[in-house]
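Trainee:
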Amino acid sequence: MKQFLLIALCATSTLAMAPQVAEAAAIKRACLASDRTAATRARCSCIQQVANQALTRSDQKTVAKWFKDPHQAQVLKMSQTERDDALWDRYRNFGQLAQAVCN
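The numbers in this note's numbering rise by one with no breaks, and the one at position 43 of the sequence shown is 44.
(1) Looking at Met47: is its Cβ nearer than 7 Å to the Cβ of Ala40?
(2) Could you give the distance in angstroms between the alpha-carbon of Arg37 and the alpha-carbon of Thr82?
(3) Would Gln49 pass as a contact of Lys69 if the rule is Cβ separation under 7 Å?
(4) Do you know offhand how far Arg93's Cα is from Ala26's?
(5) Within the continuous alpha helix (DSSP H) that includes Phe95, where are the two ends?
(6) What's the gap between the Cα of Val51 and the Cα of Ala34?
(7) If you draw a straight line from the alpha carbon of Asn53 to that of Lys78, how long is it in whole angstroms?
(8) Starting from Ala1, trace the alpha helix (DSSP H) in both directions and tell me its first and last residue.
(9) What does the alpha-carbon distance come out to for the pair Val64 and Asp90?
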């Protein structure tokens, strides 16, 4: 499964990602600003690349805020709206993919 995820990520053209990365790197910035010891430039860049594939720009802005206030993620997780459930599902998938690719 990890190999499939890595292949899927690598199969995406970096040229297609470039405009989005230039426009918004909210996850990378939040990752680098966090006080986590594992938040290296390389790992945060990798996580941003995965976010570009798995999350919309709007999702990324929301998730980036969770680095400072993780409680907001829990609030969203407990929400009963379809919209919040869909974001939580995308976030979970993003997290699994980032863990597989960026560790």
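Using N, Cα and C, we set each Cβ at its ideal position, and we do this for glycine too.
Mentor: Considering the structure as presented:
(1) Translated into the one-based positions of the sequence shown, residue 47 becomes position 46. Translated into the one-based positions of the sequence shown, residue 40 becomes position 39. Checking the sequence shown, residue 47 turns out to be Cys, not Met. Cβ distance not < 7 Å, so Cys47 and Ala40 don't count as in contact.
(2) Mapped onto the sequence shown, residue 37 falls at position 36. Mapped onto the sequence shown, residue 82 falls at position 81. Spanning the two alpha carbons is a distance of roughly 31 Å.
(3) The residue given as residue 49 occupies position 48 in the sequence shown. The residue given as residue 69 occupies position 68 in the sequence shown. Not closer than 7 Å, so no.
(4) Numbered from its first residue, the sequence shown carries residue 93 at position 92. Numbered from its first residue, the sequence shown carries residue 26 at position 25. Roughly 19 Å separates the two Cα atoms.
(5) Mapped onto the sequence shown, residue 95 falls at position 94. Segment 83 to 103, the alpha helix (DSSP H) holding Phe95.
(6) As a first step, residue 51 is located in the sequence shown; it is residue number 50 there, counting from the start. As a first step, residue 34 is located in the sequence shown; it is residue number 33 there, counting from the start. Between Val51 and Ala34, the C-alpha separation is close to 18 Å.
(7) If you number the sequence shown from 1, residue 53 lands on position 52. If you number the sequence shown from 1, residue 78 lands on position 77. Taking the straight line from one Cα to the other gives about 21 Å.
(8) Here the chain comprises residues numbered 2 to 104, so residue 1 is not present and cannot be evaluated.
(9) Looking up residue 64 in the sequence shown gives position 63. Looking up residue 90 in the sequence shown gives position 89. Distance between the alpha carbons of Val64 and Asp90 is about 12 Å.
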